[in-house]
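Residue numbers (this note's numbering), protein chains in the order written: chain G, 22 to 133; chain Z, 4 to 115. Note that the Cβ used here is the ideal one computed from N, Cα and C, for glycine as well. What you are looking at is a predicted structure, and each value in this text was computed from that prediction instead of being measured. Right, one structure below, let's go through it.
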């Protein structure tokens, strides 16, 4: 079964702690993305990566960091510098130019 | 700076009638446009796409129209069914760097 997995589905953290969200894909896609969804604001791009060992900031990268050491994996770290981290986080990938974006099931992060 | 805009947060139609969801964009670097359907706490699922070299693409009950001069696209669903009730996101890809931007979404409710 090809697809994108994100774990866990729900994540709780105390304020001031860093937390890393997992995203793995077995679709052999080069490009991977992280989005954040807040009520009424749609999907906002945090970071994206076109290829291993390369990534670019999206619209709201402040307070987040990523790595792309393997093609299959694109973990997102929500740092303590992110002022409002509670949100629904979506990971996605695509095969390249003019191809659809596939999404994972999402992780809901709640910072207490 | 929101590059993809969906100005209608919600739309309600009667079963069997046509649903028209609208989307506007500002970036002339976008060359590929997509529509996604999303249920709460799940990742979006791909519906239909259109390349900038076309002005219409049809897939069953779903048709996407692109008006490049107006930087506007629309999704038509006909006939609408109660199972179509969801949030619909418009997305656009920048051919220059392959990043993808989403609108804020339109919540469609199809009443029986």
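Cβ-Cβ separation, residue 113/Z to residue 55/Z (assumed contact under 8 Å), whole Å: The sequence position of residue 55/Z within the second chain is 52, counting from 1. The sequence position of residue 113/Z within the second chain is 110, counting from 1. Going by Cβ atoms, the distance from residue 55/Z to residue 113/Z rounds to 30 Å, so no, they are not a contact pair.
Residue 12/G - containing beta strand (DSSP E), residue span: Absent from the model: residue 12/G. The displayed extent of chain G is 22 to 133, so no value can be given.
Per-residue contacts from residue 32/Z into chain G (C-beta, under 8 Å): As a first step, residue 32/Z is located in the second chain; it is residue number 29 there, counting from the start. In chain order: nothing, as chain G lies at least about 13 Å away.
Near-chain Z residues of the region 69-93 of chain G - C-beta to any C-beta below 9 Å: Cβ contacts with chain Z come from 69, 71, 77, 79, 80.
Short Cβ contact (8 Å threshold) for residue 119/G with residue 49/Z: If you number the first chain from 1, residue 119/G lands on position 98. If you number the second chain from 1, residue 49/Z lands on position 46. Not closer than 8 Å, so no.
Residues of the region 38-53 of chain Z with Cβ closer than 7 Å to any Cβ of chain G, in chain order: For the region 38-53 of chain Z, which is checked against every Cβ of chain G, the residues closer than 7 Å are 44, 45, 46, 47, 49, 52.
contact_flag[the region 87-99 of chain G, the region 61-78 of chain G] where n(CB pairs < 8 Å) is 3 or more: The answer is yes - the region 61-78 of chain G touches the region 87-99 of chain G, with three or more Cβ pairs under 8 Å.
Between the CA atoms of residue 103/Z and residue 32/Z - distance to the nearest angstrom: By one-based count along the second chain, residue 32/Z stands at place 29. By one-based count along the second chain, residue 103/Z stands at place 100. When the Cα atoms are used, residue 32/Z and residue 103/Z turn out to be separated by approximately 11 Å.
Sequence-distant residues of the same chain with beta carbon closer than 8 Å to residue 6/Z, five excluded per side: For the purposes of this step, residue 6/Z is taken as residue 3 along the second chain, with counting starting at 1. Hits under 8 Å: 28, 29, 30, 33, 95, 104.
Classification of residue 109/Z by the beta-carbon crowding that lies within 10 angstroms, buried from 16 upward: For the purposes of this step, residue 109/Z is identified with residue 106 of the second chain, where counting begins at 1. Looking at its Cβ environment, which holds 16 or more other Cβ atoms inside 10 Å, residue 109/Z is buried.
Proximity to residue 115/G [Cα-Cα], best of 28/G, 72/G, 43/G, 77/G: Position 94 of the first chain, counted from the first residue, corresponds to residue 115/G. For residue 115/G, the nearest C-alpha among the options comes from 72/G.
Supposed close pair residue 111/Z, residue 77/Z - CB separation, criterion 8 Å: What you label residue 111/Z is simply residue 108 of the second chain in a count that begins at 1. What you label residue 77/Z is simply residue 74 of the second chain in a count that begins at 1. Actually they are not in contact, since the Cβ atoms of residue 111/Z and residue 77/Z sit about 13 Å apart, beyond 8 Å.
Nearest-angstrom Cβ-Cβ length linking residue 63/G and residue 107/Z, presumed shorter than 8 Å: Position 42 of the first chain, counted from the start, is the residue given in the question as residue 63/G. Position 104 of the second chain, counted from the start, is the residue given in the question as residue 107/Z. A Cβ-Cβ separation of about 4 Å places residue 63/G in contact with residue 107/Z under the 8 Å criterion.
Per DSSP, the bridge partner or partners of residue 28/Z: Numbered from 1 along the second chain, position 25 holds the residue referred to as residue 28/Z. Residue 28/Z pairs with 7/Z.
Span of the beta strand (DSSP E) around residue 73/G: Indexing the first chain from 1 puts residue 73/G at position 52. Careful: residue 73/G lies outside any beta strand (DSSP E) and carries neither H nor E.
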